[in-house]
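To convert, take the position in the sequence shown, counting from 1, and add 62; that gives this note's numbering. Every residue, glycine too, gets a C-beta built ideally from N, C-alpha and C. Keep in mind it's a predicted model, so treat the numbers as computed, not measured. One structure below.
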Amino acid sequence: MLRTGSLFLVLVTFLTACLAGCSGASTERLPAGSRAFDPSRQGVTDDEIVIGSAAALSGHASFLGTQLNKGALAYFQEVNRQGGVHNRQIRLVLADDMYEPVHTVRETQKLLVEDEVFVLFNYVGTPTAEAAVPLVNEAKVPLVGVFTGAEFLRNPHQPYIFNVRASYNQETAAMVDACMAQGKDNIAVIYQDDSFGISVLSGTTLALRKYNREPVALASFPRGETPSRQAVRTIVEANPDAVVMVGTYSALARFVLMAKEAGLTGAEFYTVSFVGSEALAAELAEYPPEIGENVIVTQVVPDPLDDGLPVVREFQEAFSKHFPGEELNYVALEGYINAKILVEALRRAGADLDREKLVEALESMSGYDVGAGLDITVNDGHHQMFNQVFLSRLRDGKFRTYR
């Protein structure tokens, strides 16, 4: 059985390989222990706590899964170095779902049954989270820190799901408010045709109705593909003041290029934090500089270069230490913050740990200062911790927050 120190090295190697393009959905697996089965305590031994994450480690959303978990690993390794949580080391088991729901189901089942993880953590995406929810509820296992703002994870109340980030409804409200403040009231939407895209479309529509407006044009495209020329034409012909875009970084960068080449040069292009700002910036950098102008991304964590915040300074030091040469980024910072919140809840749950005690501890986190200047509000009927949204735009090749 792999132990904490060697596991960290294995996971670092695995994540690095995935960034270069790994294609398998499997990962190093822990053999099931011989201890008596107690579902409320599985994954907890005298010397470790086992955490499981099924995320996009390869494929068109791989930047998100790898960076989210690298940020978490940077924090977990520091905690382990200082003795762990109640003298237990944290073990993070990773599985690659490739941002495909069918793989999410399979990998989640393996994490719960074969790896016997105590808690699920750092899942990535709306359709993938949607696929995992029935398994989470059936197993009564907490799922903490899902990288999506989808409303179904928040309303109706999900007793075992704990969202750290603001919702897509809040992100789209920030976009629409910013547009209206500038007199840009003709807003179109192009979206990935799945639960992610529909969730953001719904949030945008709700935000527009506050101003008695509707989208002036709608177009969609399949997940994993580039928007078609017809979809681009539908948006361009409406001549919107702004476009809300929903999809992964490569698809959206390509859409901006095609739309501007088709004549839509005066509009602003907005997208939500799920895109992965650094990955989007890298894609846009492949095109002429003007293509990246007026592209705006909403963020749900502070700027990872803003060292005026305690948690950002902590993150910068830990991330640079454990992943030297890696670019500081919003996704990794979110993973770091997710890990910090989970560890604090594990501490509050006490040495006699089980899943219900962890749920109670997570519900007690209101007022906890993570060091990000963000207020945590959570209770037994409300499982979203942060509500703040920031706007960012490209500056010197990086998305920097400006409000």
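Let's test the definition: count the other Cβ atoms within 10 Å of the Cβ of residue i and tell me whether it reaches 16, buried, or not, exposed.
i	result
F452	buried
K172	buried
D458	exposed
C80	With a pLDDT of 41 at C80, under the threshold of 50, the modelled position of this residue cannot be trusted; read the value that follows with caution. C80 is buried by the Cβ-count criterion.
A347	exposed
L456	buried
A236	buried
Y273	exposed
D109	exposed
Q244	exposed
N231	buried
P277	buried
Q144	exposed
D369	exposed
Does residue i come out as helix, strand or coil in the three-state DSSP assignment?
i	result
F377	helix
M468	Past the boundaries of the shown model lies residue 468; the chain is included only from 63 to 465, so the question cannot be answered.
Y230	helix
N142	helix
V175	helix
N225	strand
K460	strand
Y162	The sequence shown places Glu at residue 162, not Tyr. Here E162 sits in coil by DSSP.
Q254	strand
S102	coil
R91	Bear in mind that the predicted position of R91 carries a pLDDT of just 35, short of 50, making it unreliable; the figure below should be weighed with that in mind. Looking at R91 - three-state DSSP - the assignment turns out to be coil, as it is neither helix nor strand.
A157	strand
Q292	helix
R168	helix
L326	coil
V451	coil
R285	coil
A347	coil
V262	helix
A79	At A79 the pLDDT is 43, less than 50, meaning the model places this residue with poor confidence; the figure from the coordinates comes in the next sentence. Of the three classes helix, strand and coil, the one that applies to A79 here is helix, per DSSP.
V337	helix
Does the separation of the CB atoms of residue i and residue j fall below 8 angstroms?
i	j	result
N301	E330	no
F298	A269	It should be noted that the sequence gives Val, not Phe, for residue 298. Contact flag unset, no.
A394	L130	yes
K322	Y137	no
Y349	V305	no
E162	A116	no
G435	P364	yes
G338	F183	no
I399	V226	yes
E389	E345	no
Q450	A228	yes
V147	I111	yes
G397	A134	yes
A250	P101	no
F224	H445	yes
A123	V186	yes
T439	S428	yes
V432	V374	no
A315	F283	no
V195	Q220	yes
L424	V206	yes
T360	S335	yes
Thinking C-alpha only, which one of the options is nearest residue i?
i	options	result
T107	R462, A413, F138, P351	A413
T327	V363, F317, F336, T333	F317
F180	V203, Y161, N199	V203
D158	Q151, A279, T166	T166
C241	L436, F283, I358	I358
T288	S257, R275, I252, Q378	I252
L119	A134, L156, Y230, I438	L156
D256	G429, L424, T190	T190
V208	D239, R275, F258	F258
T463	G121, N248, V362	V362
A343	D368, T310, I249	T310
Y222	V186, E422, Y273, S335	E422
R295	D303, A281, M307	A281
T210	E176, P218, V262, L424	V262
M320	V308, F336, A236, R291	R291
Q104	D416, E233, V440	D416
I260	V238, T234, N274, A243	T234
N248	A279, L205, V175	A279
L154	V405, Q254, V198	V405
P218	D442, K460, V175	D442
Is residue i near the ligand SAH, with its Cβ less than 7 angstroms from a heavy atom?
i	result
A343	The model on display carries no ligand, and the ligand SAH is accordingly not part of it.
Subject >> Start-end ranges of the beta strand (DSSP E) lying completely within the stretch 106-136, minimum 3 residues >> reply: 110-117
**OP:** Entirely within the stretch 361-448 and at least 4 residues each: give me those alpha helix (DSSP H) ranges in chain order.
**Re:** 372-384, 392-411, 417-424
**OP:** Mind listing, in chain order, the continuous alpha helix (DSSP H) runs of no fewer than 4 residues lying wholly within the stretch 177-220?
**Re:** Taken in chain order, the complete alpha helix (DSSP H) segments of 4 or more residues contained in the stretch 177-220 are 188-201.
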